[in-house]
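Protein chains in written order, with this note's numbering: chain E, 1 to 224; chain P, 1 to 224. Notes to accompany the following structure.
2 protein chains.
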Amino acid sequence: MSIGPKQALLAEFAAVARALGSPKRLEMLEHLAQGERGVEALAKRISLSIANVSQHLQQLKRAGLVASRRDGKFVLYRLTDERVVMLMRALFDVGERNLAEVDRILRSHFAERDSLEPVTREELLERTRGGLVTVLDVRPADEFAAAHLPGAVNIPLVELEARLSELDPRQEIVAYCRGPYCVLSFEAVAALRARGFKVRRLQDGLPEWRAAGLPMEQGAASGA
Amino acid sequence: MSIGPKQALLAEFAAVARALGSPKRLEMLEHLAQGERGVEALAKRISLSIANVSQHLQQLKRAGLVASRRDGKFVLYRLTDERVVMLMRALFDVGERNLAEVDRILRSHFAERDSLEPVTREELLERTRGGLVTVLDVRPADEFAAAHLPGAVNIPLVELEARLSELDPRQEIVAYCRGPYCVLSFEAVAALRARGFKVRRLQDGLPEWRAAGLPMEQGAASGA
DNA sequence: TCTATATTCAAGAACTTTATTGAATGATAT
DNA sequence: ATATCATTCAATAAAGTTCTTGAATATAGA
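Encoded structure:
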């Protein structure tokens with residue numbers, strides 16, 4: 001008896017899941033969710049050899065999670081579509097709710113997590129309409145330039161200490177970065193709170209914002 | 001340098017993805033999505049040794065995808081929550097949209113698929129209110145008994161040919177089974193169409209209905 | 001055409017996952 | 001207690017995955 005169409009389909013879907021089944025590849029996907037990246041750029045960010053990154057990218061491509069195009073000497077990779085962001089969100093969601101170990105890590109490293117009460121996209125949209133909030137993007141400048149939330153100010157986490165004066169201590173700040181588990185925004189909130197700022201984290205990051213079809217801005221300078 | 005909290009989190013999420021990365025386990029999850037099952041019952045349905053099924057179940061459990069409870073001599077497994085159904089849906093969705101091979105399989109085995117224009121949950125809800133449709137559950141009787149759509153008639157696929165007289169040829173029929181790729185409902189639609197019935201497929205199956213928080217019925221006899 | 005640069009391919013060692021087998025555990029009923 | 005049945009554990013061989021290394025392509029510019 002040969003395998004039926006159902007087993008064949010499940011085998012394909014399982015292959016997609018397997019492509020998601022490596023921490024390195026998840027990290028690559030999170031970076032690609034910010035925008036297109038070349039192989040070397042990715043390799044640098046996640047500290048892996050170029051050949052190795054290339055191989056991981058082939059796997060992601062075979063699984064239909066990323067697509068690529070050539071631009072001169074470079075090959076640029078990107079997520080195939082927003083469905084991939086949704087899939088990652090669903091994966092993280094299950095992990096966060098059902099794995100004790102995840103809970104432990106979140107608690108031990110992001111102690112304030114519970115008290116932070118993250119801001120939802122809808123909430124942020126309403127508040128920005130009133131002009132009541134500073135939206136703070138703590139990702140590196142190049143990622144900010146590629147795309148960011150409308151009116152956001154960019155202060156990469158590493159520069160935050162040095163550029164505190166750019167922030168108005170009386171206005172509420174909403175910080176965001178790459179995604180729901182991007183460490184940058186957690187640390188930004190911790191650092192700013194310690195200095196008496198009124199800060200909260202955006203629940204998701206830029207990719208989820210984009211996947212929700214909400215407007216974005218491009219370019220280096222903004223808001224501030 | 002030790003691994004940071006981010007890598008630790010991604011490692012956990014990757015483990016969840018890896019648990020989904022086997023066709024057999026996906027098949028088990030689809031069955032568990034219908035309701036609780038014992039180890040032996042599962043083993044029978046997907047033709048795998050009991051020991052093997054048990055080991056797969058341990059993996060799914062470690063990944064937080066299923067939970068278990070003991071009932072006398074039996075250990076019954078179930079999905080941890082509806083988030084798992086959402087995750088599988090997101091996975092199938094990405095596969096269906098982005099993998100040429102999936103498209104090929106769907107086309108070659110379910111030629112009518114495009115012409116079928118599946119009925120959405122919302123659409124079905126509206127139509128049942130008007131009493132215009134026969135809702136047909138083509139899953140085996142025991143799965144039907146565990147839970148089914150309100151007012152549904154149960155005719156397992158294998159009995160369909162013999163029980164055609166139970167269906168009213170003038171009324172529109174909406175067939176459903178275990179999930180979006182459950183073969184049963186595709187075949188039921190094909191068989192009934194060949195006999196001149198007006199049939200369509202429900203877009204999803206029972207698990208998605210449940211995950212959406214819609215009402216269900218239990219018990220063997222119903223509707224008809 | 002030749003050279004430099006970005007990426008991919010190929011082969012191999014270390015490690016992980018899978019299916020199989022048979023033994024061990026845990027709960028129930030005699 | 002003992003026997004019985006459902007399930008899990010442990011050990012193993014086969015298959016698959018990961019990372020590394022060095023060679024092979026493909027493009028751009030001289």
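Even glycine gets a Cβ: it sits at the ideal position worked out from N, Cα and C. Small disclaimer: the values here were computed from a predicted structure and weren't measured.
How many Å lie between residue 174/P and residue 202/P at the Cα?
When rounded, the distance between both Cα atoms is 6 Å.
Per DSSP, residue 80/E forms a beta bridge with which residues?
Its beta-bridge partners do not exist; DSSP assigns none.
My guess is that residue 16/E and residue 63/E are in contact by the Cβ rule of under 8 Å, so how many angstroms apart are they, rounded?
Their Cβ separation, rounded to whole angstroms, is 5 Å, which keeps residue 16/E and residue 63/E in contact under 8 Å.
Helix or strand or just coil, what does DSSP make of residue 208/P?
It is helical.
Nearest by alpha-carbon distance to residue 88/E: which of 217/E, 7/E, 219/E, 205/E is it?
Residue 88/E has its Cα closest to that of 205/E, out of 217/E, 7/E, 219/E, 205/E.
Note the first and the last residue of the continuous beta strand (DSSP E) segment covering residue 121/E.
Not the beta strand (DSSP E): residue 121/E falls in the alpha helix (DSSP H), residues 121 to 129.
At a CB-CB cut-off below 9 Å, which residues of chain P make contact with residue 97/E?
Those are 64, 80, 81, 83, listed as they occur along chain P.
Residue 210/E versus chain P: which residues are under 8 Å apart at the beta carbon?
In chain order: nothing, as chain P lies at least about 16 Å away.
Who are the neighbours of residue 77/P on chain E, taking C-beta pairs under 9 Å?
Near residue 77/P there are no residues of chain E at all, since even the closest Cβ is about 14 Å away, more than 9 Å.
Let me check one thing: in DSSP terms, what residues is residue 201/E bridge-paired to?
Answer is 175/E.
With DSSP as the reference, label residue 168/P as helix, strand or coil.
Of the three classes helix, strand and coil, the one that applies to residue 168/P here is coil, per DSSP.
Exposed or buried, residue 155/P, counting other C-beta atoms within 10 Å across all chains shown (16 or more means buried)?
Buried is the call here.
Who are the Cβ neighbours of residue 117/P in its own chain at under 8 Å, not counting the five residues just before and after it?
Around residue 117/P: 200.
When you compare each of 176/P, 12/P, 8/P, 181/P to residue 119/P by their alpha carbons, which one comes out closest?
The shortest C-alpha separation from residue 119/P is found at 176/P.
Would you mind sorting residue 105/P into buried or exposed? The rule is 16 or more other CB atoms within 10 Å of its CB.
Buried, because 16 or more other Cβ atoms sit within 10 Å of the Cβ of residue 105/P.
Which partner residues does residue 154/P have in the DSSP bridge list?
DSSP output for residue 154/P lists 137/P as bridge partner(s).
Tell me which residues of the region 16 to 48 of chain P have at least one Cβ-Cβ distance to chain E shorter than 7 Å, keeping chain order.
So the close ones are 16, 17, 18, 20, 21, 22, 23, 26, 27.
Closer than 7 Å by beta-carbon distance: list the chain E residues that pair up with residue 7/P, in chain order.
In chain order: 23.
Grouping DSSP H, G and I as helix and E and B as strand, with all else coil, what is residue 110/E?
In the structure shown, residue 110/E sits in coil (DSSP, three-state: anything other than H, G, I, E or B).
Measure the Cβ-Cβ separation of residue 19/E and residue 65/E and say whether it is below 8 Å.
Contact flag set, yes.
Return the CA-CA distance between residue 141/E and residue 220/E, expressed in angstroms with no decimal places.
Their Cα atoms are separated by approximately 7 Å.
Which residue or residues does DSSP assign as beta-bridge partners of residue 68/P?
According to DSSP, residue 68/P bridges with 77/P.
Please decide whether residue 11/E counts as near chain P, where near means a Cβ-Cβ distance under 8 Å.
Yes, residue 11/E lies at the interface with chain P (some Cβ there is under 8 Å from its Cβ).
Would you give the residue range spanned by the alpha helix (DSSP H) that residue 31/P belongs to?
Per DSSP, residue 31/P belongs to the alpha helix (DSSP H) from 23 to 32.
Short of 7 Å Cβ to Cβ, which residues in the region 166 to 182 of chain E face chain P?
Correct list: 181.
Could you check the C-alpha separation between residue 135/E and residue 34/P for me, to the nearest Å?
Going by the C-alpha atoms only, they are around 44 Å apart.
May I ask you to report which of helix, strand or coil DSSP gives residue 159/P?
Residue 159/P: helix per DSSP, three-state reduction.
State the CB to CB distance for the pair residue 167/P and residue 138/P, rounded to an integer number of angstroms; the pair is presumed to be in contact (CB under 8 Å).
Actually they do not touch by this definition, with Cβ atoms about 12 Å apart.
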